[in-house]
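Asker:
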Amino acid sequence: MLQNSLEQTVLAVSAHLVLATVLRGEEMILLPVLVPLYLVGRGFFALGYAQGAAAPAFGMALTGASTIAAFGIAVVLMGLGR
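Residue numbers (the numbering used here): 12 to 93.
1. The alpha helix (DSSP H) with Arg53 in it runs from where to where?
2. Within 8 Å, do at least three Cβ pairs link the region 66-82 to the region 34-52?
3. Do you know offhand how far Ser25's Cα is from Gly36's?
4. Please classify Ala71: does DSSP put it in a helix, a strand, or coil?
5. Assuming Glu18 is part of the alpha helix (DSSP H), what are its boundary residues?
Structure, rendered in structure tokens:
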């Protein structure tokens, strides 16, 4: 579990930093929305981890979704010339 949390944290921090470099002004509100989503996802992952293989799936999906969203938004904005 610790290895997975470390890997997911590195990915999330990287995604948030990349996104922060391309957002402007009021768009920065996305960061304080994505970070709690990540943290809630990790919490659900940790709670479900001891309950079997399928239990942490929701937490993992929420964690991954927030990270993928951050990278995806950043890629789109860079594609638009930011």
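Using N, Cα and C, we set each Cβ at its ideal position, and we do this for glycine too.
From a predicted model like this one, the values you see are computed outputs, not experimental measurements.
Answerer: In brief:
1. Leu41 to Tyr60
2. yes
3. 20 Å
4. The amino acid at residue 71 is misidentified as Ala; the sequence shows Met. Helix, per DSSP.
5. Leu13 to Val33
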